[in-house]
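Working notes, beginning with the structure itself.
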Amino acid sequence: MKDHSFYMRKAIALAQTGKNTPGGGAFGAVIVHEDGPMIAAVHNAVGATADCTQHAELRAVQEACGHLGSKDLSGYILYTSCEPCLMCLGACYWANFKAIYFGASAADAKAAGYVYSALYYDADPSLRHSSFKMEQLLRDEAVAVWQ
Numbered sequence: 015m016k017d018h019s020f021y022m023r024k025a026i027a028l029a030q031t032g033k034n035t036p037g038g039g040a041f042g043a044v045i046v047h048e049d050g051p052m053i054a055a056v057h058n059a060v061g062a063t064a065d066c067t068q069h070a071e072l073r074a075v076q077e078a079c080g081h082l083g084s085k086d087l088s089g090y091i092l093y094t095s096c097e098p099c100l101m102c103l104g105a106c107y108w109a110n111f112k113a114i115y116f117g118a119s120a121a122d123a124k125a126a127g128y129v130y131s132a133l134y135y136d137a138d139p140s141l142r143h144s145s146f147k148m149e150q151l152l153r154d155e156a157v158a159v160w161q
């Protein structure tokens with residue numbers, strides 16, 4: 015398997031693609047098996063689909079589960095350009111990822127105008143990160159997509 019930075023840069027590149035795509039959104043996600051194969055690579059499509067659930071993470075989970083014919087992604091790693099929102103974290107919980115790597119934080123998203131719920135911001139991020147096996151990676155590169 016390539017290193018974590020390689021796949022995070024793919025997620026960040028997808029966020030840039032989404033930003034530059036009519037109806038796309040500036041968020042990207044990839045799902046990779048711990049042994050290497052990438053099975054999903056998407057960007058946010060909320061504007062293109064008029065569907066508020068088409069966040070990058072949720073689309074990646076849907077694509078991966080469809081590809082595998084399984085709801086169990088326990089041997090897989092999610093790389094996402096931004097810390098997942100509550101909706102996407104719910105999907106991550108049920109997918110049972112081995113780990114989640116994110117670029118920009120929820121606080122970075124808020125500063126850029128992408129505001130999550132008060133419930134999210136009021137929760138202890140260290141508990142969220144440990145519960146979901148989340149680690150931040152390449153923050154500055156991820157935030158740069160929004161500038």
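With positions in the sequence shown counted from 1, the corresponding number in the working numbering is that position plus 14. Using N, Cα and C, we set each Cβ at its ideal position, and we do this for glycine too.
Rounded to the nearest whole angstrom, the CA to CA distance from residue 146 to residue 96 is 14 Å. For the pair residue 98 and residue 16, the Cα-to-Cα distance works out to about 23 Å. DSSP, read as helix, strand or coil, puts residue 39 in strand. Cα atoms of residue 85 and residue 124: separation of roughly 31 Å, rounded to the nearest angstrom. According to the DSSP assignment, residue 77 belongs to the alpha helix (DSSP H) that extends over 70-82. Annotation: the continuous alpha helix (DSSP H) that includes residue 20 extends over 18-34. When the alpha-carbon of residue 46 is set against those of 77, 105, 60, 37, the nearest one is in 77. Nearest to residue 108 by alpha-carbon distance, out of 121, 119, 87, 118, is 87. In terms of Cβ geometry, residue 83 and residue 60 do not form a close pair [threshold 8 Å]. Rounded to whole angstroms, the separation of the alpha carbons of residue 119 and residue 155 is 12 Å.
No Cβ-Cβ contact shorter than 8 Å links residue 68 with residue 159. Here residue 66 is exposed, its C-beta having fewer than 16 other C-beta atoms within 10 Å. The C-alpha of residue 49 lies about 25 Å from the C-alpha of residue 153. Under the DSSP assignment, residue 149 falls in the beta strand (DSSP E) whose first and last residues are 148-150. DSSP places residue 140 within a helical segment (H, G or I) once states are collapsed to three.
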